[in-house]
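The block underneath contains the structure these notes are about, expressed in structure tokens.
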Amino acid sequence: MISETVRVRFAPSPTGPLHLGGVRTALYNYLFARKYHGTFILRIEDTDQQRFVRSAEEYIIESLGWCGIHFDEGVVSGGPFAPYRQSDRSMIYKEIIGRLLETGHAYYAFDSVGELEEIRNRYQVAGAEQFQYNYKTRQEMKNSLTLSQQEVADRISTGNPYVIRIRIPENEVIVFNDLIRGKVSVHTSNLDDKVLFKSDGLPTYHLANVVDDHLMKITHVIRGEEWLPSAPLHLLLYRFFDWEKTMPQFAHLPLILKPDGKGKLSKRDGDRLGFPVFPLQWTDPVSGEVSHGYREDGYLPEAFINMLALLGWNPGTEKELFSMNELIDAFSIERVGKHGSKFDPEKAKWFNHQYLSHKTDDELMEILKSQLSRHLITASDEYVLRVIGLTKDRANLIGDLWDNSWFFFQSPQAYDERSRAKNWQSPSGEIIRNFAADVSEMKDFTKDTLHEVASHFVTLHNIKMGQLMNPLRLLIVGSNQGPGMMEIAEVLGKKEFLQRIEVGLSILG
RNA sequence: GGCCCGUUCGUCUAGUUGGUUAGGACGCCAGGUUUUCAUCCUGGAAAUCAGGGGUUCGACUCCCCUACGGGCUACCA
């Protein structure tokens, strides 16, 4: 089925940070391209100068790079179809739209934004159906269909702002085959005469997208479901330009929905429910507002990608852990689901836990060391490695490495109130004091010998192991967390161990 | 409102020539391991396959209707 050389593109609009859904769209395009040994292109669709955000393009590139999604052609590396930024291609669109004007498939329209708004209002007040600039209404509007040729020429030459609209044919059914949904059909009477060229001299998405996909020899358009309703318009454009023979195939991806409630996932949901919606942290250049990112929140890119890949696609097997190469191998557009998926932040955490626990101790050591340096702590590799061995199973996020092990590197600054209330009883002080005395006699300070001493101690004093261990942990760690008490003690060493007890006793009694 | 798309455990999903005890995963619950908290292991609850009609010996699988959900309906993408 896929015989020709595959060329696909990811074509984001630099209006802000790329969110989860955008990353997934990029990912599916990337997997598809790699799977068929095709070319993957990054095109920047910056035809909206109102919403343009300067730092967005850089953010998008950095995000996808972090994810391991790399481009063969595009704004970064260039390529045979440069330029890849639509604002740098405006001459191309300007020239090409002339063909549609000549063939009568497009026309000039002089109705101002204000006039249009007024008409929409009038329709609404009258309780009529929503106003559409279409075959029914275009005869009553100010455009090159209703105005004399002379007046049109005059208006243009005197600088009267205008747009160029497509002239949607009447009474026709547009049918196309979507790779994910199968046959989709729309009657042209439901389509409106969309603006192709704005009065600012730049094309709209619809025109630029079709022109560039054709010029860049795109074979498959894999994009979000929000484009499905306008796909028939795009098809018409291919026909009017006489590009139908090389028209790409379409695949419309279902959307990613909010975890709770209804609607598509938005930035607000992340803030509200406490999970990142963006791959990287984003600082809004205007408001200065900072949004969380998966990278900064401690997710591994492999985990993030794996999670995203399975949100809307599945391999048909029970395997769920996939490296990028495995994804490329297993991916197929036919196995992308048709319906939207609610995003589950808990599952994202689970994926991260999986990837973290599959890392080697050496890899984790490097990560923890970088966290240590941030806390101005230095420790030998050997020591960090021992700590990793004891704490790595407990981490979900990268930050947990430090959160679960900081007490190996510094003594507790405070004693957790709840642990204290639960584990520090009146006899605790005396128990610990006596135990510390026994420990100070020890020559061989290992977890095994400590256990022996502890067992002996609890038998002798006729107490339960917990009565010794729990308060001990409180003094050593500061709360009721962490790996086995004696394992911690062994790593800490006798001197540090006894010192923490001494300090703790002086505070808690 | 109109148009388009969709609908299997709470969530992500398997189920592709119609015949399955409707499978897995996350989460949840219980038990085990443990000196704590996690991890880990074992087990469990959890879908009348949105509802109703057909077609058929037989439908989650095919058709129709309804309901519900989502998207679009800008000189935004």
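Just so we're aligned, residue 279 is where the first sequence starts under the numbering used here, counting upward by one. Ideal placement from N, C-alpha and C gives every residue a C-beta, glycine not left out. For clarity, every value in this text was computed on a predicted model and none was experimentally measured.
- Between Gln-410 and Asp-470, the C-beta gap is smaller than 8 Å, which places the two residues in contact.
- The Cβ atoms of Gly-760 and Gly-677 do not sit closer than 8 Å to each other.
- DSSP places Leu-296 in no alpha helix (DSSP H); its state is neither H nor E.
- Taking Gly-352 as the centre and dropping the five residues before and after it, the same chain places the C-beta of Ile-319, Leu-320, Arg-321, Tyr-362 closer than 7 Å to its C-beta, in chain order.
- In the three-state reduction of the DSSP assignment, Ile-534 falls in the strand class.
- Per DSSP, Asp-470 lies in no alpha helix (DSSP H) segment and is marked neither H nor E.
- In the three-state scheme derived from DSSP, where H, G and I count as helix and E and B as strand, Ser-619 is classed as strand.
- If you look at Arg-751, you'll find it in the alpha helix (DSSP H) that goes 743 to 755.
- Beta-bridge analysis with DSSP links Trp-591 to Val-614.
- As far as DSSP is concerned, Phe-310 takes part in no beta bridge.
- By the neighbour-count criterion, in which a residue is buried when 16 or more other Cβ atoms sit within 10 angstroms of its Cβ, Glu-768 is buried.
- Per DSSP, reduced to three states, the secondary structure at Phe-519 is coil, with no helix or strand assignment.
- For Arg-329, no alpha helix (DSSP H) segment is defined, and its DSSP state is neither H nor E.
- Here Leu-531 is near Gly-502, since their CB atoms are less than 8 Å apart.
- Pairwise C-beta distances place the stretch 661 to 670 in contact with the stretch 623 to 641, as three or more of them are shorter than 8 Å.
- By the Cβ test, the stretch 610 to 619 is not in contact with the stretch 546 to 553, since fewer than three Cβ pairs between them sit closer than 8 Å.
- Around the Cβ of His-498, a 10 Å sphere holds 16 or more other Cβ atoms; the residue is buried.
- Remark: C-beta atoms of Thr-317 and Ala-486 do not approach each other more closely than 8 Å.
- Assignment of Ala-581 by DSSP, reduced to helix, strand and coil, places it in the helix class.
- Residue nearest to Leu-425 within the set Tyr-413, Cys-345, Lys-414, Asp-389 is Asp-389 (criterion: CA-CA distance).
- Setting aside the 5 residues that flank it on each side, His-297 is surrounded in the same chain by Val-555, Phe-556, each with a C-beta closer than 6 Å to its C-beta; the list follows chain order.
- In the DSSP assignment, Trp-560 forms a beta bridge with Ser-569.
- Judged by their CB atoms, Tyr-371 and Ser-422 are not nearer to each other than the 8 Å cut-off.
- A straight line joining the alpha-carbon of Trp-560 with that of Val-568 spans about 6 Å.
- Non-local beta-carbon contacts of Tyr-440 in its own chain, meaning distances under 8 Å to residues more than five positions away in sequence, involve Tyr-386, Ala-387, Phe-388, Arg-433, Ile-434, Ser-477 in chain order.
- Burial is judged here by how many other beta carbons sit within 10 angstroms of a residue's own beta carbon; Val-755 has at least 16 and is buried.
- Using a 10 angstroms sphere on the CB of Asp-490, the tally of other CB atoms reaches 16 or more, which defines it as buried.
- Of all alpha-carbon atoms in Asn-674, Ser-508, Met-602, Pro-749, the one lying nearest the alpha-carbon of Ile-444 is that of Ser-508.
- The criterion of a C-beta distance shorter than 8 Å is satisfied by Phe-528 and Phe-454.
- Under the 8 Å Cβ criterion, the stretch 535 to 544 counts as touching the stretch 617 to 626, having at least three qualifying pairs.
- Non-local beta-carbon contacts of Trp-521 in its own chain, meaning distances under 6 Å to residues more than five positions away in sequence, involve His-492 in chain order.
- The continuous beta strand (DSSP E) containing Ala-384 extends over residues 384 to 387.
- In terms of Cβ geometry, Gln-327 and Leu-480 form a close pair [threshold 8 Å].
- In the three-state reduction of the DSSP assignment, Asp-491 falls in the helix class.
- Here Leu-558 is not near Tyr-314, since their CB atoms are 8 Å or more apart.
- For Leu-783, the enclosing alpha helix (DSSP H) begins and ends at 772 to 786.
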